[in-house]
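Below is one structure, written out as structure tokens; comments come after it.
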């Protein structure tokens, strides 16, 4: 359980005193001994570096905070980074080094499903605990999974949540899909199409772009002639902004847009023209339920990196805290005991208090926020929570929909 | 009826704008290849560098996109000169230099790709510029963003300028003479190595211009470098290596093919449709459609 | 005008020219004949700066040309019309001639040169917009000579202008060369066709396996049975 605010303030005061006294006396709260190691296999270079790097920065903040507050089991916690260069083979090599040389307690860190799946194979085979902070392929928690736990909800489930949102906004409404051909997009739209039938939402357009596409003017015009109530836009990378702009150009209103996910840079990229549109997320600085940890993360991150953190950073930050809590519950750094502690965990996310419980396959009790953009500035934005939903990971057959 | 017109106009504008940018990059590549026999595999990275630098100037220094683009295109000249002096010129007299150059520029491309992914790539996967000319102009029922109109005009203007230069200017003619017969050009008093350097600078400048215009018209990410490199080579080969006219015509053909096919099929088929067009043209005329 | 002293050119181990010396005076047409592979083209290419001699010296109007690159020799008044004609096949006749005048910056001068070429080979004027690659062989040769003249050369080097042409066309070329002589142009004419060379040249050098074997006026050479037997048998 996270300490109450009062306890935390007391602890902070104690720490401050310890620092002041540090010249004279050894600090009482200073963690000692062999650190509890987390092998952090991350995309520090390559095509996903913008995710991996920002995620690692957030994990480091958690590591520093934990160590400043006494570590775990009286020992420091150490996040050991390995660059997987966004390459699955490199990710496996990194897992091997961290497992056999560094003897880490657990693996973590990937922010892409391809690298996460590579590490998944290694972890399951070699019985190494693996906590995935950010990766949405259902396969990462497929039935029979023993050692892997995933903090991010799976992408097919997001599709379910999107349809539930549309259903609430406009029962019996119509939906257009326009997206790039990536596995992530395929998984989300599989969930949408599956749930749409059950929710009586009609998908009137299903436009897929190949990877590397740059222009969507013609498709925007085509979609406009179908005039759906809502459009789900999921371009790959920068193409997302291009599609958004071109749909706005042909006359779609911002309030018709649903982006399944919104990183800070995406939202800033959509810009002021997108005020009024919706995006799904798992953490946002505009949320109402932020606690002191969340505000601390936002402030520290902003001070260090110059931009505000969003769900990626929060997943990585809270994953380190989750690991800490599981180690405490396990009472040791035995891998099996740690794994069992994760299986049994029933806690709340450190920053927002929403539940963290894993099912038998290591899939988390899933949830999603839908935010509506209120204002976009040069380097910040403001939005408002429009919808929140929680669901069981297998509410729809996710493992069949995205094999 | 309005729906049909809307889609029709979207095809025309898309074909023109993607075609013009394709044509610019291919023209830059073909000028360098025609003169030096240098198939610049790094052209996609040069293109990307142009776009990224504009993005930095605009988002970092708050410069206007047009001014930033002009500065970046101007900066491509010293960039190309340094590269020519430090690397390119050492292989001018190597036998089979086109292979040597392919290897050298592949190396360059890897270096640039590495630099981009460990600098820009860590920042975001999404580079977007504010509109250079905000607002929308209605073409009948079709709303056309003014920025893209501007980009289209500049791209077509540059292509026309390039064409006139090569046809009518003394140095442009010397460049074409070197494309066709470098020894004969030397016997006419043309400093062939000087023309090589000039061609490298001009070609690089044109590729940079393509990159900056692309950045103004579209949001982009680092993957655009490789896809643009491949498209540029395809256009050059189909249009006839060394032919700027070929680049322009085939660039527009590719742009329109993609736009038209995407109406009747899906965007995936559209993206590969021009590669099919390429194969068909090459089967009919293996040396490319146009000459130098 | 042109003075060549003991010029030696090697292609790897192969000795292409072995101490060749010759002189061309102002306003003179000098023939250079010899069988295939004798080194005629090599000598002309050395004069134009396309190959670098291993030894010897070349001077134009007393100015040594060692180290002067080919393209700079054009500005000094040397024009080579090479074997294979050195045209730009995808350029028009007019553009080819403009390229010939590349080193001339004075526009009035260029216009004058155009008039001279049109007068010399009127057929070119009729075909000024036609692409060079689509001309007949004789017209291409005329264009090549014309392009050589466009740079206001002090001396023209012609490498086998008769090559591959029908006799009647060779006659037209010869006529052109006669007119150039009348106009006072200095020419060094390399030819396998000894008839053409002896017809227009005032002096002839005979080159064999990289060495000058004979040097005389055409009349004397034609009286020398050894020369006629060995080099002028095409007669």
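Protein chains in written order, with this note's numbering: chain A, 1 to 403; chain B, 1 to 292; chain C, 1 to 235. Beta carbons: idealized from backbone N, C-alpha and C, even for Gly.
Item to complete: With residue 270 of chain A as the anchor, note down where its alpha helix (DSSP H) starts and where it stops.
Response: Indexing the first chain from 1 puts residue 270 of chain A at position 270. Note, residue 270 of chain A: alpha helix (DSSP H), 264-270.
- Cross-chain neighbours of residue 176 of chain B in chain C, by beta carbon under 8 Å: The residue you call residue 176 of chain B lines up with position 176 of the second chain. By Cβ distance, chain C contributes 88, 90, 91.
task = Please name the residue, chosen from A:68, A:31, A:351, that lies closest to residue 293 of chain A on a Cα-to-Cα basis.
result = Taking the first residue of the first chain as 1, we reach residue 293 of chain A at position 293. Checked all of A:68, A:31, A:351; the closest Cα to residue 293 of chain A is A:351.
By Cβ distance, which residues of its chain are closer than 8 Å to residue 288 of chain A, with the 5 residues on each side in sequence left out?
The residue given as residue 288 of chain A occupies position 288 in the first chain. Answer for residue 288 of chain A: 385, listed in chain order.
*Is the Cβ-Cβ distance between residue 313 of chain A and residue 54 of chain A less than 8 Å?*
Mapped onto the first chain, residue 313 of chain A falls at position 313. Mapped onto the first chain, residue 54 of chain A falls at position 54. Their beta carbons are under 8 Å apart, which means residue 313 of chain A touches residue 54 of chain A by this criterion.
Inset, instruction - May I ask you to list the residues that DSSP assigns as paired with residue 144 of chain B? - result: In the second chain, residue 144 of chain B corresponds to position 144, counting from 1. DSSP output for residue 144 of chain B lists B:137 as bridge partner(s).
Please check the pair residue 162 of chain A and residue 254 of chain A, which I expect to be a contact at CB under 8 Å, by giving their CB distance rounded to whole angstroms. Position 162 of the first chain holds residue 162 of chain A. Position 254 of the first chain holds residue 254 of chain A. No, residue 162 of chain A and residue 254 of chain A are not in contact; Cβ-Cβ is about 17 Å, not under 8 Å.
Worksheet item: Taking C-beta to C-beta, are residue 119 of chain B and residue 132 of chain B nearer than 8 Å?
Response: Start at 1 with the first residue of the second chain, and residue 119 of chain B comes out as number 119. Start at 1 with the first residue of the second chain, and residue 132 of chain B comes out as number 132. Against a cut-off of 8 Å, the Cβ pair of residue 132 of chain B and residue 119 of chain B comes out as no contact.
| said: I'd like the list of long-range same chain contacts for residue 192 of chain A, defined as Cβ closer than 6 Å, with 5 residues on each side in sequence excluded. | reply: For the purposes of this step, residue 192 of chain A is taken as residue 192 along the first chain, with counting starting at 1. Hits under 6 Å: 159, 162, 163.
ask   = For the stretch 75-117 of chain A, which segments carrying the alpha helix (DSSP H) assignment without a break, of at least 4 residues, lie completely within its bounds, in sequence order?
value = 88-96
- Quick one: does residue 80 of chain C have its CB under 8 Å from some CB of chain B? Position 80 of the third chain, counted from the start, is the residue given in the question as residue 80 of chain C. Answer yes: the Cβ-Cβ gap between residue 80 of chain C and chain B drops below 8 Å somewhere.
**Buried versus exposed call for residue 14 of chain C [16 or more other C-beta atoms within 10 Å across all chains shown]** = Locating residue 14 of chain C in the third chain gives position 14, where the first residue counts as 1. Residue 14 of chain C is exposed by the Cβ-count criterion.
* Answer with yes or no whether the minimum CB distance from residue 102 of chain C to chain B is below 8 Å. => Here residue 102 of chain C is taken as the residue at index 102 of the third chain, counted from 1. It does: the Cβ of residue 102 of chain C has a partner Cβ on chain B nearer than 8 Å.
Suppose you measure from the CA of residue 206 of chain A to the CA of residue 169 of chain B; what does that come to, to the nearest Å?
Locating residue 206 of chain A in the first chain gives position 206, counting from the first residue. Locating residue 169 of chain B in the second chain gives position 169, counting from the first residue. If I take the Cα positions, the gap works out to 51 Å.
Next item on the list: Enumerate in chain order the residues of its own chain whose CB-to-CB distance from residue 25 of chain A is below 7 Å, with the five nearest sequence positions on each side excluded.
Entry: The count along the first chain starts at 1 and reaches residue 25 of chain A at position 25. Caution applies to residue 25 of chain A, whose pLDDT of 39 falls short of 50 and renders its modelled position unreliable; the model cannot decide the point.
- Taking Cβ positions only, does residue 98 of chain C come closer than 8 Å to chain B? If you number the third chain from 1, residue 98 of chain C lands on position 98. Yes, its Cβ sits closer than 8 Å to a Cβ of chain B.
Judging by CA-CA distance, which residue of C:97, C:67, C:50, C:189 is the nearest neighbour of residue 202 of chain C? The residue you call residue 202 of chain C lines up with position 202 of the third chain. Comparing Cα positions, the closest option is C:189.
TODO: Compare the C-beta of residue 95 of chain C with all C-beta atoms of chain B and state if any pair is closer than 8 Å.
DONE: Position 95 of the third chain, counted from the first residue, corresponds to residue 95 of chain C. Using a CB distance cut-off of 8 Å, residue 95 of chain C counts as an interface residue toward chain B.
Exercise. Are the beta-carbon atoms belonging to residue 20 of chain C and residue 212 of chain C less than 8 Å from one another?
Worked result: Your numbering for residue 20 of chain C matches position 20 in the third chain. Your numbering for residue 212 of chain C matches position 212 in the third chain. Pairing residue 20 of chain C with residue 212 of chain C gives a Cβ-Cβ distance under 8 Å.
Going by alpha carbons, who is nearest to residue 363 of chain A out of A:148, A:202, A:264? Taking the first chain and counting its residues from 1, one reaches residue 363 of chain A at position 363. Here the closest residue by C-alpha is A:148.
*What residue range is occupied by the uninterrupted beta strand (DSSP E) comprising residue 189 of chain C?*
If you number the third chain from 1, residue 189 of chain C lands on position 189. If you look at residue 189 of chain C, you'll find it in the beta strand (DSSP E) that goes 186-191.
Interfacial residues, the stretch 30-62 of chain C to chain B, with Cβ spacing under 7 Å
48, 50
* **Inter-residue spacing [alpha-carbon to alpha-carbon] between residue 154 of chain B and residue 194 of chain A** => By 1-based counting over the second chain, the position of residue 154 of chain B is 154. By 1-based counting over the first chain, the position of residue 194 of chain A is 194. Looking at the two C-alpha atoms, the distance is approximately 46 Å.
Proximity test, Cβ basis, 8 Å: residue 320 of chain A and chain B | Position 320 of the first chain, counted from the first residue, corresponds to residue 320 of chain A. Closer than 8 Å: no.
**OP:** Return yes when the Cβ of residue 285 of chain A is within less than 8 Å of the Cβ of residue 267 of chain A, no when it is not.
**Re:** In the first chain, counting from the first residue as 1, residue 267 of chain A sits at position 267. In the first chain, counting from the first residue as 1, residue 285 of chain A sits at position 285. Going by C-beta atoms, residue 267 of chain A is not nearer than 8 Å to residue 285 of chain A.
Exercise for review: Name, going along the chain, the residues of the stretch 116-142 of chain B whose beta-carbon falls closer than 8 Å to a beta-carbon of chain A.
Suggested key: 117, 118, 121, 122, 123, 124, 125, 126, 127, 128, 130, 136, 142
### Message
Comparing C-alpha positions only, which one of C:108, C:109, C:114 sits nearest to residue 95 of chain C?
### Response
The residue given as residue 95 of chain C occupies position 95 in the third chain. Nearest option by C-alpha distance: C:114.
Is there a Cβ from chain B that is less than 8 Å from the Cβ of residue 75 of chain C? Stepping through the third chain from its first residue, residue 75 of chain C is reached at position 75. The Cβ of residue 75 of chain C sits closer than 8 Å to at least one Cβ of chain B.
Applying the 10 Å Cβ sphere with the 16-neighbour rule, what's the burial state of residue 167 of chain C? Along the third chain, one-based indexing puts residue 167 of chain C at 167. With fewer than 16 other Cβ atoms within 10 Å, it is exposed.
Q. What did DSSP end up calling residue 24 of chain B once you bin it into helix, strand or coil?
A. Numbered from 1 along the second chain, position 24 holds the residue referred to as residue 24 of chain B. Residue state, collapsed to three classes: helix.
Practice prompt. With a threshold of 16 other CB atoms inside 10 Å of the CB of residue 125 of chain A, please say whether the residue is buried or exposed.
Written response: As a position in the first chain, residue 125 of chain A is number 125, starting the count at 1. Around the C-beta of residue 125 of chain A, fewer than 16 other C-beta atoms lie within 10 Å, and the residue is accordingly described as exposed.
Note to self: Can you pull out the residues from the stretch 195-211 of chain B whose beta carbon lies closer than 8 Å to at least one beta carbon of chain C?
What the structure shows: none
Three-way DSSP call (helix, strand, coil) for residue 78 of chain C in this model
Position 78 of the third chain, counting from 1, holds the residue named residue 78 of chain C. Looking at residue 78 of chain C - three-state DSSP - the assignment turns out to be strand.
>> So that I know if they touch, is there some Cβ in chain A lying closer than 8 Å to that of residue 29 of chain B?
In response: Along the second chain, read from residue 1 onward, the residue named residue 29 of chain B stands at position 29. It does not; no Cβ of chain A falls within 8 Å.
Report task. Quick one: using the 10 Å Cβ neighbour count with 16 as the cut-off for buried, is residue 175 of chain C buried or exposed? Result -> Walking along the third chain from the start, residue 175 of chain C turns up at place 175. Exposed, since its Cβ has fewer than 16 Cβ neighbours within 10 Å.
(Q) So, for residue 237 of chain B: in the same chain, excluding its five sequence neighbours on each side, which residues have a beta-carbon less than 8 Å away from its beta-carbon? (A) Stepping through the second chain from its first residue, residue 237 of chain B is reached at position 237. Counting only Cβ-Cβ distances below 8 Å, and skipping sequence neighbours, we find 278, 282, 288.
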